[in-house]
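Novice: Before anything else, here's the structure in question.
Protein chains: 2
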Amino acid sequence: MSENRTALQIEVEECWDLLASATVARLGWNAPDGPVILPVNIAVEGRTVTLRTSSASAMTRQVDDSPVALEVDDVDGETRTGWSVLVRGVASTTFEGVDAGSSAEPWLDGAKPVTITIRPREVTGRRVVEA
Amino acid sequence: MSENRTALQIEVEECWDLLASATVARLGWNAPDGPVILPVNIAVEGRTVTLRTSSASAMTRQVDDSPVALEVDDVDGETRTGWSVLVRGVASTTFEGVDAGSSAEPWLDGAKPVTITIRPREVTGRRVVEA
């Protein structure tokens with residue numbers, strides 16, 4: 001395994017392109033009992049990242065008006081090369097369709113979507129290439 | 001896109017198998033200015049996850065003796081199916097080889113490796129399948 005790798009900063013415009021091309025990201029937040037990371041589907045609209053969950057989950061309760069991290073990457077574990085983009089900002093949650101279904105609906109059926117919007121304060125990216 | 005998906009809990013033994021099969025994970029911690037997530041290479045030894053960084057980076061300084069989250073996943077963004085495993089625990093850092101190279105060595109060359117060990121207190125996994 002080559003140890004000759006170089007880390008390059010990814011410019012913010014390309015970070016947004018990479019975010020927009022990703023469908024799966026990981027959302028991180030600081031729960032009362034410590035950090036949590038969960039995979040989420042994201043959408044990029046302008047300079048905002050949104051994601052939808054379908055429940056009053058721990059995520060929904062804990063991230064509202066709180067600092068979060070959102071990460072996308074494409075890394076090759078063997079060569080340890082690839083890229084990652086990190087969005088740090090504040091999340092807010094919007095409950096939609098609260099009158100559209102029963103409160104007993106299981107969360108995976110999407111009947112009660114919650115939209116989490118992340119207002120970025122910092123967007124950074126790093127690409128590691130073989131030198 | 002099917003909305004008929006089911007979430008299944010992954011038993012802890014299989015979580016460890018999935019962790020052991022992964023080379024790339026994401027480490028999350030709560031930095032002084034909010035959550036951070038970065039991709040890392042991991043190794044699983046027994047019931048401990050270790051990773052190596054090669055510098056006195058922000059990660060190294062901030063995670064020592066602190067709660068962290070470590071996530072691995074394989075998720076299909078289109079079908080929103082796949083699995084993820086989350087390790088929550090406390091990290092500790094060990095500086096090795098401090099006398100093996102110049103302190104001016106660039107961090108990517110691996111001359112001054114730092115080992116971060118995560119002692120898990122909670123290992124959980126979830127698999128989302130089409131119903």
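These protein sequences, in sequence, are chains A and B.
Going letter by letter, the first sequence gives residues 1 to 131 in this note's numbering.
Going letter by letter, the second sequence gives residues 1 to 131 in this note's numbering.
Beta carbons are placed, not taken as given, at the ideal position from N, Cα and C, and that holds for glycine.
(1) From what residue to what residue does the alpha helix (DSSP H) around Asp-17 (chain B) run?
(2) List the residues that DSSP assigns as beta-bridge partners of Arg-121 (chain A).
(3) Is the separation between the beta-carbon of Glu-148 (chain A) and that of Thr-79 (chain A) shorter than 8 Å?
(4) So, does the CB of Leu-86 (chain A) fall closer than 8 Å to a CB anywhere in chain B?
(5) Going by DSSP in three states, Ala-58 (chain B) sits in which element: helix, strand or coil?
(6) With 8 Å as the threshold, decide whether the Cβ of Trp-29 (chain A) is near any Cβ in chain B.
(7) Does the distance from the CB of Leu-19 (chain A) to the CB of Val-40 (chain A) come in under 8 Å?
(8) Would you please verify whether the beta carbon of Pro-32 (chain B) is less than 8 Å from any beta carbon of chain A?
(9) Can you list, in chain order, the stretches of the alpha helix (DSSP H) that have 4 or more residues and sit fully within the region 33 to 96 of chain B?
(10) Determine contact between the region 79 to 91 of chain B and the region 58 to 71 of chain B, defined as no fewer than three beta-carbon pairs at a distance below 8 Å.
Specialist: According to the structure shown:
(1) 12 to 21
(2) Answer is none; Arg-121 (chain A) lacks a bridge partner.
(3) For chain A, the structure presents residues 1 to 131; residue 148 (chain A) sits outside this window and is missing.
(4) yes
(5) helix
(6) yes
(7) no
(8) no
(9) 58 to 63
(10) yes
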